[in-house]
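Chains as they are written, first to last, in the working numbering: chain A, 34 to 648; chain B, 105 to 340.
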Amino acid sequence: MINFKSLSDERFKVGSYKKILKVHAKDKGNLLEIIRDVQAREGYVSEAALSDIADYLDLSEAEVKGVASFYHFFSLQPRGRTTVYLDDSITSRLKGRSRVASAFEEEAGCRFGQVTADGAIGLFPASCIGMNDQEPAALINGLVFTDLTPDKARVIVRGLKNGKTIHELAEEMMPGRGQSELFRNMAALNIRQKGPVLFAPFETGSAVRKIASLNPGQVIDKIKCSTLLGRGGAGFPTGLKWEICRNQDGPKRFIFANADEGEPGTFKDRVILTEIPQLVFEGMAVAGYAVGAEEGILYLRAEYAYLRSHLEAVLDEMRRAGVLGKNIAGNRSFNFDVKIKMGAGAYICGEESALIESAEGKRGDPRDRPPYPVQVGYLGRPTTVNNVETLAAAARIIVEGACWFKTMGTIKSAGTKLLSVSGDCARPGVFEVEFGIRLEELLNLAGADRPSAVQVGGPSGTCVAPAGFNRKICFEDLATGGSVIIFGPGRDIFQVVENFMDFFIEESCGRCTPCRVGNTLMKLKLGKIIQGRGTKTDLRQLEELGKMIKATSRCGLGQSSPNPILTTMENFPELYQARLRPDADFAPDFDFAQALKPGCQAAGRECPETEHEDE
Amino acid sequence: MSEIKITIDGKTCSAKPGQTVLEAARNCGIYIPTLCHFEGLKPSGSCRICTVRINGRYAAACTQPAVEGMIIENAVPDIEEMRKELIEMLFVEGNHVCPACEKSGNCELQALAYRYEIFSPRFPFLFPKKEVDARTPKIYLDRNRCILCLRCVEKFRTADGKKIFAVTQRGLNSSIEIDKKLAARMSEDDARKAMDICPVGAILRKETGFVIPIGKRRFDHKPIGSEIEEGGGGRK
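The structure is reproduced here in structure tokens:
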């Protein structure tokens with residue numbers, strides 16, 4: 034990894050990226066790392082850089098451009114020497130994003146989506162950056178600024194204009210919350226409730242020592258016996274995944290820790306990786322031993338790049354302690370090490386096959402299944418991809434036992450779950466709770482006052498109305514990867530739904546027709562209803578379209594992208610009914626008067642009356 | 105290895121191990137419509153028009169391997185309606201100019217629209233702004249008519265594996281990019297193949313056009329899919 038501080042005086046010199054190429058091996062799998070370094074150094078990836086990278090890696094320019102233009106934090110146009118990525122999630126909006134955005138724009142002298150004339154500052158939106166418990170938040174040159182106010186935004190821009198570096202501003206405004214140099218400028222953790230699986234004390238090395246005397250099949254049996262299900266949201270049985278992977282032919286296998294939590298409203302993996310990364314890495318070693326893999330890769334989302342040096346330091350420590358490396362715990366057949374690969378801003382890369390594509394240096398398009406990653410994964414090898422929380426739980430299960438684990442939770446959802454709670458509540462943060470907790474109990478813990486709706490599982494999950502607050506959080510009822518967003522009384526649910534649809538439109542990889550086109554069509558139809566131009570025919574068509582997208586989409590993103598609309602139609606039907614035109618069963622999408630308006634205005638003629646105004 | 109038996113809309117079909125549902129159906133004389141699949145290329149699973157229901161679950165026939173005992177629903181009303189919607193989506197996300205298009209009559213999107221009796225899409229046209237790329241000597245790329253099937257991406261690689269066509273951007277902004285340097289080296293034959301493999305009129309040859317007159321084109325007399333349905337045994 035390049036130390037950017039030492040290169041800072043050379044940054045933004047034309048062609049200075051050429052030195053970066055030599056730092057990386059000539060391996061197509063390094064494409065993301067190379068683009069990432071070029072972007073960090075020059076503020077964008079120029080045509081010349083695309084061409085040189087292509088030559089260096091023996092790729093076509095078109096391919097390199099394809100990758101560079103896929104990820105949100107790469108850009109083919111300059112994004113400024115300092116680039117502000119202001120979180121655009123619904124929670125950020127509820128907490129005053131628009132005023133913060135205006136302050137940035139006024140002080141910088143450019144709009145969002147633009148760079149100042151002198152190229153100093155660029156302002157851009159970003160999908161949820163994993164700071165929903167401290168919004169509005171922004172990533173600025175990779176550093177995180179949280180709890181932003183219009184005043185803070187002005188201080189940042191003025192500071193930059195007066196010659197301060199973003200690092201200096203971060204030191205001033207985001208005091209380090211840990212003692213270590215590595216912990217400087219980390220966001221608040223807001224751990225509100227600690228549970229026994231994740232946050233109980235853990236002695237590093239205890240899990241690998243425990244399995245040293247077991248054979249891999251016994252380790253898999255232990256995990257199977259615990260009935261641990263994947264914590265990313267899909268809930269696939271972890272032991273079964275390991276077993277299938279182990280049973281594949283061939284000498285080489287891989288373990289991936291999926292640290293690409295991108296579901297808006299989730300930030301629990303950030304807390305896990307800050308507080309208890311040892312548990313995750315040890316879980317990876319356990320998985321490696323069970324599956325027969327000697328290499329592990331933590332795929333870390335770009336938004337958490339500031340955690341990387343901390344994680345590298347933890348890995349070094351664990352290697353020194355003999356928990357990673359060769360002959361772990363004195364067992365000659367136990368070799369395992371972990372490296373970190375960075376994402377670059379794409380929600381879809383949380384999907385395991387897209388994550389693998391991305392780790393191979395490609396666009397994050399999901400793969401067709403079968404074959405599944407456990408059969409044909411990273412570099413064509415059997416690959417186990419587990420959520421960081423799953424791996425942490427696995428390490429704990431090895432130490433404490435499967436029976437102990439099953440004493441917690443429900444029959445089908447054993448153990449605890451770390452929930453990220455944000456939105457309208459007094460105590461936003463992470464809560465480690467037993468599966469089976471009723472939503473209302475969680476709302477009490479978080480100090481939510483008479484919420485009007487709760488989004489469980491993020492945009493791809495379910496919007497629950499008060500009548501459903503007695504539902505349980507577990508795989509049998511409300512399944513969630515951990516995102517819980519609370520909306521207080523008087524919040525506009527349609528604003529929420531539109532924000533979620535915008536999220537899916539932004540994050541669709543575009544590979545398949547229904548997700549690429551369908552989400553935009555759903556949003557247009559929803560807009561028609563919100564504007565009061567819709568009829569019951571529109572409502573029916575909206576539902577049909579949603580069902581069709583779910584049925585035909587290629588991956589989980591597309592299959593869940595209509596959920597913001599479908600689950601609110603189901604749980605808040607009265608909101609939709611109230612917007613329908615009472616006088617007609619059908620109204621055309623096309624608004625003739627609205628379409629004529631620009632022409633009439635240009636010609637200076639009187640406009641016919643329109644049914645709605647442009648937003 | 106032994107033959108696999110599957111049932112498609114009540115008809116028993118046999119498949120060889122490793123064959124996809126789409127291939128098995130074709131050999132059985134059953135047409136499952138598709139726009140992205142092309143014989144001999146790795147399926148991209150992108151258009152989703154070949155969606156079928158297998159034992160109650162939806163899957164793309166072009167990427168799904170046939171498995172013994174599968175009960176497959178293909179030409180049933182609700183699935184046909186979804187296909188129609190997908191075809192309509194492809195029309196509204198682009199700017200299609202059938203009457204003036206060189207591929208009219210040879211275009212698979214147009215042919216499918218006829219087969220599904222689409223007179224006008226149910227969705228509003230999105231009228232996107234798309235760039236036409238005519239920088240390469242032999243072909244030009246009209247993104248207005250592109251449906252992102254990815255056939256060209258999969259088909260055209262240099263001897264050392266470099267892609268001549270690639271996808272850039274993402275979501276609704278996804279766009280096919282042609283590598284200027286590599287495309288400059290394309291032969292006449294490559295150019296012809298590129299135009300032929302494109303199911304629509306997005307890849308067109310320069311300096312030649314309308315070689316086959318209207319009226320004598322692929323879908324001018326019989327609907328798309330009829331070659332499979334009439335053949336019974338389908339193509340090899």
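Just so it is clear, CB atoms sit at the ideal spot from N, CA and C, and this is done for glycine as well.
Quiz item: Near proline 406/A, which residues of its chain fall below 7 Å by C-beta distance, leaving aside the five closest residues on each side in sequence?
Solution: Closer than 7 Å at Cβ, skipping near neighbours: Glu385, Ser386, Ile389, Thr416, Val418.
Quiz item: Under 8 Å Cβ-Cβ, which residues of chain B neighbour serine 93/A?
Solution: The answer, in chain order, is Thr262, Lys266, Lys267, Ile268, Ala270, Asp283, Lys285, Leu286.
Quiz item: For tyrosine 162/B, which residues from the same chain have a beta carbon less than 7 Å from its beta carbon, with the 5 sequence-adjacent residues on both sides left out?
Solution: Answer for tyrosine 162/B: Thr155, listed in chain order.
Exercise. Could you spell out where the beta strand (DSSP E) holding glycine 155/A opens and where it closes?
Key: Glycine 155/A -> beta strand (DSSP E) spans 154 to 159.
Quiz item: Are at least three pairs of beta-carbons, each pair with one atom in the segment 548 to 556 of chain A and one in the segment 288 to 302 of chain A, less than 8 Å apart?
Solution: The segment 548 to 556 of chain A is not in contact with the segment 288 to 302 of chain A.
Quiz prompt | Enclosing beta strand (DSSP E) for arginine 157/B [first to last residue] | solution = First-last of the beta strand (DSSP E) with arginine 157/B: 155 to 158.
Practice problem: Under 7 Å Cβ to Cβ from serine 278/B, same chain only, skipping five residues before and after it: list those, please. | Solution: Only Leu252, Val271 meet the Cβ criterion.
Self-check item: Those residues which DSSP pairs with valine 529/A across a bridge
Solution: Per the DSSP secondary-structure output, valine 529/A pairs with nothing in a beta bridge.
Practice problem: Measure from the C-beta of methionine 375/A to each C-beta in chain B and report whether the shortest distance is under 8 Å. | Solution: Not an interface residue.
Quiz item: From arginine 396/A to isoleucine 538/A, what distance separates their C-alpha atoms?
Solution: Spanning the two alpha carbons is a distance of roughly 17 Å.
Practice problem: Please confirm if the segment 232 to 241 of chain B is in contact with the segment 207 to 224 of chain B, defined as three or more CB-CB distances below 8 Å between the two stretches. | Solution: Fewer than three pairs of CB atoms, one per stretch, sit closer than 8 Å, so the segment 232 to 241 of chain B makes no contact with the segment 207 to 224 of chain B.
Self-check item: 7 Å Cβ cut-off: residues of chain B touching aspartate 622/A
Solution: Taking a Cβ-Cβ cut-off of 7 Å, the neighbours of aspartate 622/A in chain B comprise Pro228, given in sequence order.
Practice problem: Below 8 Å CB to CB, which residues in the same chain sit around aspartate 283/B once its five sequence neighbours on both sides are set aside? | Solution: Once the five neighbours on either side are set aside, the close Cβ partners of aspartate 283/B are Lys266, Lys267, Ile268, Phe269, Ala270.
Practice problem: Just the chain A side, please: which residues come within less than 7 Å of arginine 239/B by C-beta, in chain order? | Solution: Residues of chain A passing the Cβ test: none, with the nearest at roughly 12 Å.
Quiz item: Thinking just about the alpha-carbon of each residue, which of Arg130/A, Phe157/A, Asp624/A, Leu92/A is nearest to the one in arginine 114/A?
Solution: Of Arg130/A, Phe157/A, Asp624/A, Leu92/A, the smallest CA-CA separation from arginine 114/A is found for Phe157/A.
Quiz item: What residues in its chain sit with their C-beta under 7 Å from that of arginine 187/A, if we drop five residues either side in the sequence?
Solution: By the criterion of a C-beta distance shorter than 7 Å, arginine 187/A is surrounded in its chain by Ala136, Glu140, once the five residues flanking it on both sides are discounted.
Exercise. Enumerate in chain order the residues of its own chain whose CB-to-CB distance from isoleucine 158/B is below 6 Å, with the five nearest sequence positions on each side excluded.
Key: So the qualifying residues of the chain are Met174, Ile176.
Quiz item: With contact counted as at least three CB pairs below 8 Å, one residue from each stretch, are the segment 143 to 150 of chain B and the segment 609 to 629 of chain A in contact?
Solution: Note that the segment 143 to 150 of chain B does not touch the segment 609 to 629 of chain A; fewer than 3 beta-carbon pairs, one per stretch, sit closer than 8 Å.
Quiz item: Rounded to a whole number of angstroms, what is the C-alpha to C-alpha distance between threonine 237/A and glycine 501/A?
Solution: Straight-line spacing of the CA atoms in threonine 237/A and glycine 501/A works out to 41 Å.
Self-check item: Three-way DSSP call (helix, strand, coil) for glutamate 201/A in this model
Solution: Three-state result, glutamate 201/A: helix.
Quiz item: Who are the near neighbours of histidine 261/B in its chain, counting only those whose CB is closer than 8 Å to its CB and skipping five residues on each side?
Solution: Just to set this straight, residue 261/B is arginine in the shown sequence, not histidine. Excluding residues within five positions, the ones whose Cβ falls inside 8 Å are Lys267, Ile268.
Quiz item: Name the chain B residues that come within less than 7 Å of methionine 581/A, Cβ to Cβ?
Solution: Ordered by position in chain B, the residues that pass the 7 Å Cβ test against methionine 581/A are Met186, Glu189.
Quiz item: In whole angstroms, what is the alpha-carbon distance linking isoleucine 598/A and valine 530/A?
Solution: Looking at the two C-alpha atoms, the distance is approximately 6 Å.
Quiz item: Hey, is the segment 170 to 181 of chain A in contact with the segment 111 to 125 of chain A, meaning 3+ C-beta pairs nearer than 8 Å?
Solution: Yes, the segment 170 to 181 of chain A touches the segment 111 to 125 of chain A.
Quiz prompt | 8 Å Cβ cut-off: residues of chain B touching isoleucine 17/A | solution = A query on residue 17/A cannot be resolved here, the shown segment of chain A reaching from 34 to 648 and no further.
Quiz item: Residue ranges of each beta strand (DSSP E) run of no fewer than 3 residues wholly in the segment 85 to 153 of chain A, ordered along the chain?
Solution: Counting whole runs of 3 or more residues, the segment 85 to 153 of chain A contains the beta strand (DSSP E) stretches 115 to 120.
Practice problem: Identify every residue that forms a DSSP beta bridge with tyrosine 244/B. | Solution: Per the DSSP secondary-structure output, tyrosine 244/B pairs in a beta bridge with Leu308/B.
Quiz item: Is it true that the CB of alanine 119/B sits closer than 8 Å to the CB of alanine 179/B?
Solution: By the CB criterion at 8 Å, alanine 179/B and alanine 119/B fall outside the cutoff.
Quiz item: What's the gap between the Cα of threonine 260/A and the Cα of valine 466/A?
Solution: Each residue's alpha carbon lies about 17 Å from the other.
Self-check item: chain B residues whose Cβ lies nearer than 8 Å to that of cysteine 545/A
Solution: Correct list: Gly149, Ser150, Cys151, Arg152.
Quiz item: Can the beta-carbon of lysine 558/A be found less than 8 Å from the beta-carbon of glutamine 574/A?
Solution: It is a contact, given that the beta carbons lie within the stated cut-off.
Quiz item: Between serine 160/A and chain B, is there a C-beta pair that is closer than 8 Å?
Solution: At a cut-off of 8 Å between C-beta atoms, serine 160/A does not count as an interface residue with respect to chain B.
Quiz item: What residues of chain A sit near glutamate 177/B, judged by a beta carbon separation below 8 Å?
Solution: Result: empty, since nearest Cβ-Cβ is about 12 Å, beyond 8 Å.
Practice problem: Check distances from the C-beta atoms of the segment 544 to 572 of chain A to those of chain B and list, in chain order, the residues that come in under 8 Å. | Solution: Those would be Arg544, Cys545, Thr546, Pro547, Arg549, Val550, Gly551, Thr553, Leu554, Leu557, in chain order.
Quiz item: So who's on the other strand from serine 279/B, going by DSSP bridges?
Solution: Among the bridge pairs identified by DSSP, serine 279/B is matched with Thr272/B.
Practice problem: Would you mind working out which of Trp275/A, Glu205/A, Lys580/A, Ala267/A sits nearest cysteine 258/A, comparing C-alpha positions? | Solution: The shortest Cα separation from cysteine 258/A among Trp275/A, Glu205/A, Lys580/A, Ala267/A belongs to Trp275/A.
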